[in-house]
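To start, the structure itself, in structure tokens.
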Amino acid sequence: MRWPRNSPFLALLLFAAAPVAAQSPDPTALYARECASCHGAGRLGGTGPALLPESLGRLTQAEAREVIANGRAATQMPAFGDRLTAEEIAALAAYLFTAPAKAPRWGRAEIEASRRMFVDPADLPDRPQFDADPLNLFVLVESGDHHVSIIDGDRFERLARFPSRYALHGGPKFSPDGRFVHFVSRDGWVTRYDLWSLQTVAEVRAGINSRNIAISGDGRVLAVANYLPRTLVLLDAQTLTPLEVIPVTDRWKKTRSRVSAVYLAPPRRSFIVALKDVAEIWEIPYEDPPPATFPGFVHSYEKGMEEALTVRERFPIRRIELDQPLDDFFFDPAYRHLIGASRRTGEAVVVQLEVGRPIARLPLAGMPHLGSGISWTWRGRRVMGTPNLRKAAISIIDMEDWSLIREIPTLGPGFFMRSHENSPYAWADVFFGENRDAVHIIDKRNLEIVRTLRPVPGKVSGHVEFDRYGRYALLSIWDREGAVIVYDAETLEEVARIPASKPSGKYNVWNKIRFSEGTSH
Ligand code: DHE
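Here numbering that gives the first Met the number 0 is used: position 289 in the sequence shown is 288, and no number is missing along the way.
Dropping the structure here:
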């Protein structure tokens with residue numbers, strides 16, 4: 000018997016005999032079911048952090064799969080390994096590293112809606128609620144379990160420890176009197192904390208993916224540098240109310256740019272802004288009203304950016320045009336010169352801020368980490384020292400003629416360099432490579448390494464900050480079971496050890512508000 004070719008019976012038979020194609024997991028549905036309640040329906044974050052490619056930049060897909068399967072210790076992230084198959088976990092991880100079809104919006108309305116005041120400023124006490132020196136406190140960021148500790152800089156005891164937002168980055172910024180400290184997380188949350196009463200005062204989400212913050216010299220304005228969206232956000236420092244949301248574009252409004260970082264230039268009474276994708280540096284005066292003589296009142300916005308239009312005269316923008324984008328800025332003490340790094344060519348460029356143009360190029364190979372540099376006086380000349388993220392060397396540069404004085408060979412590339420005006424030593428970590436547990440101590444007088452410490456063999460040691468007098472140097476051991484080790488800055492002997500969860504940066508109130516030449520600002 001022959002079956003007709005188009006017989007329905009044959010079709011049924013063939014269908015039944017065909018191998019069943021395995022259904023590939025639908026990550027969108029999985030996300031909505033398993034993740035959205037904590038990380039937000041639009042992946043912008045909720046109780047958990049944002050899950051967008053830009054927010055996950057520090058995680059590999061393999062690490063993301065691991066976190067989904069096993070959870071994350073000391074956080075609310077549970078393990079999904081017993082609920083999801085390996086294939087589902089892989090699909091979910093890949094989905095998180097894919098940009099959403101429509102760029103998420105985070106404008107003035109969203110910022111304002113996220114803002115919370117926890118304490119009425121009128122209810123704050125009028126003196127510190129502890130007996131330690133409020134100007135010698137250290138603010139310690141513990142990146143292991145996302146906490147911040149407040150440390151008494153004389154007795155090295157913890158006065159407080161509180162949960163921070165997920166992944167704080169960059170130095171916290173202090174009000175000029177040292178009373179309030181402000182943090183920003185990589186997912187855009189800005190927090191204002193009162194060091195006198197040891198409590199969080201206010202919080203706002205200023206961006207989806209942020210880089211750092213700066214505070215104006217009068218303590219009134221906070222500037223937030225964002226990668227996502229491409230904005231610079233100016234906040235009232237006391238209430239965190241958005242004052243202005245500036246969309247960042249080139250002069251011709253053709254290219255939008257991520258903001259690499261924003262810096263305070265105290266003598267200029269302005270913010271200096273580093274742009275990632277546009278060959279411009281911005282300068283924005285923070286005074287109200289801005290000085291009438293301020294150059295370059297170029298301040299126009301794209302149609303539809305209505306939030307910026309209401310206060311357009313408040314923050315005029317001066318654009319310094321370059322031939323390539325520069326970031327990771329270091330300033331001379333008078334803020335007349337800025338040294339920026341080109342990630343494209345690997346060189347460093349000196350920009351004279353008054354004339355607004357590059358005046359020198361520095362012979363620095365590798366990837367100088369200028370933002371972590373320091374300056375001091377050597378043989379009557381102002382010099383700066385900068386670590387290098389790709390090269391085992393510290394470069395010492397003459398800040399008068401911009402020549403390279405010396406390259407000090409180290410045991411590996413380093414991240415941070417720190418000192419204090421009362422100490423003859425500069426501390427430079429190694430941070431990368433097989434010697435990442437080492438830290439070099441350089442004599443600022445002869446530019447020689449005089450000692451190399453290995454505080455905890457096998458564990459990364461890095462980032463030093465001195466107390467206000469320059470008597471002690473505090474060093475982080477970057478481990479979940481880590482510590483801050485306190486050294487006598489003269490004898491270089493250990494005097495105390497404070498356990499901490501992957502401590503990253505620590506910041507001394509006095510050194511920050513007095514712009515100590517040995518630390519970052
Ligand atoms: Fe940072 C400061 C940029 C990676 C820890 N980092 C800064 C600043 C900039 C910067 C521009 C100065 C801003 C400020 O303090 O206001 N950092 C960058 C990068 O471009 C880079 C290389 C890549 C990135 O993904 O952002 C980078 N930084 C790191 C890390 O991997 C570190 C070690 C761990 C982390 O927390 O992400 C790290 N950066 C820090 C710290 C400071 C910092 C602790 C503040 C140092 C200080 O003493 O002020």
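Note that CB positions come from ideal geometry on N, CA and C, so glycine has one too.
- Query: Taking 7 Å as the line, does the beta carbon of residue 500 fall inside it for any heavy atom of the ligand DHE?
  - Reply: Taking the sequence shown and counting its residues from 1, one reaches residue 500 at position 501. False, no ligand heavy atom lies under 7 Å from that Cβ.
- Query: Given that a residue counts as buried once 16 or more other Cβ atoms are within 10 Å of its Cβ, and exposed if not, what is residue 358?
  - Reply: Here residue 358 refers to the residue found at position 359 when the sequence shown is read from its first residue. With a threshold of 16 other beta carbon atoms within 10 Å, residue 358 falls short and is exposed.
- Task: Return yes when at least one heavy atom of the ligand DHE lies under 7 Å from the C-beta of residue 418, else no.
- Result: Residue mapping note: residue 418 aligns to position 419 of the sequence shown, counting from 1. Checking every heavy atom of the ligand DHE against the Cβ of residue 418, none is found closer than 7 Å.
- Keeping to the same chain, check which residues put their C-beta closer than 7 Å to that of residue 506; ignore five residues upstream and five downstream. Numbered from 1 along the sequence shown, position 507 holds the residue referred to as residue 506. Within the same chain, 137, 138, 170, 171 and 464 come within 7 Å of residue 506 by CB-CB distance, once the 5 residues on both sides are set aside.
- For the stretch 158-227, which segments carrying the beta strand (DSSP E) assignment without a break, of at least 3 residues, lie completely within its bounds, in sequence order? Fully enclosed beta strand (DSSP E) runs of 3 or longer: 179-183, 188-193, 198-204, 208-214 and 220-227.
- Task: Pick helix, strand or coil for residue 509, following the three-state DSSP scheme.
- Result: Translated into positions along the sequence shown, residue 509 becomes position 510. Helix at residue 509.
- Message: On the criterion of 16 or more Cβ atoms from any shown chain inside 10 Å, does residue 354 qualify as buried, or is it exposed?
- Response: As a first step, residue 354 must be located in the sequence shown, where it is residue number 355. Answer is exposed; the Cβ neighbour count stays below 16.
- In terms of residue numbering, what span does the alpha helix (DSSP H) encompassing residue 496 cover? Here residue 496 refers to the residue found at position 497 of the sequence shown. Run containing residue 496: none in the alpha helix (DSSP H); it sits in the beta strand (DSSP E), 493-499.
- For residue 76, which beta-bridge partners are listed by DSSP? Position 77 of the sequence shown holds residue 76. DSSP lists no partner for residue 76.
- Message: Counting C-beta neighbours from all protein chains within 10 Å, is the total for residue 447 16 or more, i.e. buried, or is it exposed?
- Response: If you number the sequence shown from 1, residue 447 lands on position 448. Exposed, since its Cβ has fewer than 16 Cβ neighbours within 10 Å.
- Between residue 329 and residue 419, what straight-line distance do the alpha-carbon atoms span, to the nearest angstrom? Locating residue 329 in the sequence shown gives position 330, where the first residue counts as 1. Locating residue 419 in the sequence shown gives position 420, where the first residue counts as 1. Distance between the alpha carbons of residue 329 and residue 419 is about 17 Å.
- Item | Beta-bridge pairing of residue 487 - partner residues as DSSP gives them | Within the sequence shown, numbered from 1, the residue matching residue 487 stands at position 488. Its beta-bridge partners are 471.
- Reference residue 413, options 398, 401 and 385, closest by Cα: Residue numbering aside, residue 413 sits at position 414 when the sequence shown is read from its first letter. In terms of CA proximity to residue 413, 385 leads the group 398, 401 and 385.
- Task: Please check the pair residue 246 and residue 277, which I expect to be a contact at CB under 8 Å, by giving their CB distance rounded to whole angstroms.
- Result: Here residue 246 refers to the residue found at position 247 when the sequence shown is read from its first residue. Here residue 277 refers to the residue found at position 278 when the sequence shown is read from its first residue. That belief does not hold up - the Cβ atoms of residue 246 and residue 277 are roughly 12 Å apart, past 8 Å.
- Query: Is any heavy atom in the ligand DHE found nearer than 7 Å to the beta carbon of residue 38?
  - Reply: Residue numbering aside, residue 38 sits at position 39 when the sequence shown is read from its first letter. Incorrect: residue 38 has no Cβ contact closer than 7 Å to the ligand DHE.
- Message: So for residue 142, helix, strand or coil by DSSP?
- Response: Numbered from its first residue, the sequence shown carries residue 142 at position 143. Residue state, collapsed to three classes: coil.
- Going straight from the alpha carbon of residue 43 to that of residue 53, what length do you get? Within the sequence shown, residue 43 is the residue found at index 44, counting from 1. Within the sequence shown, residue 53 is the residue found at index 54, counting from 1. C-alpha separation (whole angstroms): 11 Å.
- Is any heavy atom of the ligand DHE found at a distance shorter than 7 Å from the C-beta of residue 181? Position 182 of the sequence shown, counting from 1, holds the residue named residue 181. No.
- Query: Where does residue 252 land, buried or exposed, given buried means 16+ other C-beta within 10 angstroms?
  - Reply: Indexing the sequence shown from 1 puts residue 252 at position 253. With a 10 Å radius around the Cβ and a threshold of 16 neighbouring Cβ atoms, residue 252 comes out exposed.
- When 400, 218 and 281 are compared against residue 231, the one with the closest alpha-carbon: By one-based count along the sequence shown, residue 231 stands at place 232. The shortest Cα separation from residue 231 among 400, 218 and 281 belongs to 281.
- Query: Can you tell me where the beta strand (DSSP E) with residue 95 in it begins and where it stops?
  - Reply: Position 96 of the sequence shown, counted from the start, is the residue given in the question as residue 95. It is not in any beta strand (DSSP E) - residue 95 instead sits in the alpha helix (DSSP H) that spans 85-95.
- Query: In terms of alpha-carbon separation, which member of 341, 370, 371 and 352 lies closest to residue 361?
  - Reply: Indexing the sequence shown from 1 puts residue 361 at position 362. When the alpha-carbon of residue 361 is set against those of 341, 370, 371 and 352, the nearest one is in 341.
- Item | Same chain, Cβ closer than 6 Å to residue 222, five either side skipped, listed in chain order | Within the sequence shown, numbered from 1, the residue matching residue 222 stands at position 223. For residue 222, where only same-chain residues beyond five positions count, the Cβ hits under 6 Å are 213, 233, 261 and 270.
- Query: Would you say residue 383 and residue 373 are within 8 Å of each other, going by their C-beta atoms?
  - Reply: The residue you call residue 383 lines up with position 384 of the sequence shown. The residue you call residue 373 lines up with position 374 of the sequence shown. The answer is yes: Cβ separation under 8 Å.
- Message: Taking the straight line between their C-alpha atoms, what separation do you get for residue 304 and residue 75?
- Response: Residue 304 sits at position 305 when you count from the first residue of the sequence shown. Residue 75 sits at position 76 when you count from the first residue of the sequence shown. With a pLDDT of only 46 at residue 304, under 50, the local geometry of the prediction cannot be trusted, and the value read off the model is given with reservation. Rounded to the nearest angstrom, the two C-alpha atoms are 37 Å apart.
- Query: Is any heavy atom in the ligand DHE found nearer than 7 Å to the beta carbon of residue 131?
  - Reply: In the sequence shown, residue 131 corresponds to position 132, counting from 1. No, Cβ of residue 131 sits at least 7 Å from all heavy atoms of the ligand DHE.
- Message: Helix, strand or coil, according to DSSP, for residue 521 in the structure here?
- Response: The question about residue 521 has no answer here: the residues shown for the chain are numbered 0 through 520.
- Evaluate residue 445 with the Cβ neighbour count: other Cβ atoms within 10 Å of its Cβ, from every protein chain shown; 16 or more gives buried, anything less gives exposed. In the sequence shown, counting from the first residue as 1, residue 445 sits at position 446. Flag for residue 445 reads exposed.
- Task: With a threshold of 16 other CB atoms inside 10 Å of the CB of residue 514, please say whether the residue is buried or exposed.
- Result: Taking the first residue of the sequence shown as 1, we reach residue 514 at position 515. Around the Cβ of residue 514, a 10 Å sphere holds fewer than 16 other Cβ atoms; the residue is exposed.
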